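Enquirer: Quick one: this structure, given as structure tokens, is what I'll be asking you about.
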Amino acid sequence: MAKIPSRPCSLFVLLLLIFMVSHEEAGLVKVAEARVKVCATQSRYFKGGCRRDHNCAMVCRDEGFSGGRCTKPFSRPRRHCFCTKFC
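Read left to right, the sequence shown gives residues -26 to -1, 1 to 61 (mature numbering (1 follows the signal peptide of the UniProt record, and there is no 0)).
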């Protein structure tokens, strides 16, 4: 039976480890790029108290935003519609 030399085996394992690490680092870069800041602005056209996020989001989409949600600012007693978009 032929004996497998240890040097080619070690070289193969080393190259495999380098390949795995390089692909893992590329994955981390993609995750970092995927984190996007979201900006919010009060809707101009939403009227009345904001009770449902869906209604707010529909009005915000008509205004050109990507979505919206009902939030209660600290200084105001009622919830208002705030439109959201990626900054």
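The beta-carbon is built from N, C-alpha and C at its ideal position, and this holds for glycine as well.
The structure displayed is predicted, hence computed values, not measured ones.
What separation, rounded to the nearest whole angstrom, lies between the Cα atoms of arginine 53 and glycine 23?
Expert: 6 Å
Enquirer: Measure the beta-carbon distance from aspartate 27 to cysteine 13 and round it to whole angstroms, keeping in mind my assumption that it falls under 8 Å.
Expert: Not really, about 17 Å apart at Cβ, beyond 8 Å.
Enquirer: Would you give the residue range spanned by the beta strand (DSSP E) that arginine 43 belongs to?
Expert: 41 to 45
Enquirer: Taking the alpha-carbon positions, what's the alanine 31 to threonine 15 distance?
Expert: 12 Å
Enquirer: Would the beta-carbon of glycine 41 fall within 8 Å of that of valine 33?
Expert: no
Enquirer: DSSP three-state label for phenylalanine 56, please.
Expert: strand
Enquirer: Exposed or buried, phenylalanine -15, counting other C-beta atoms within 10 Å across all chains shown (16 or more means buried)?
Expert: exposed
Enquirer: With cysteine 13 as the anchor, note down where its beta strand (DSSP E) starts and where it stops.
Expert: 12 to 16
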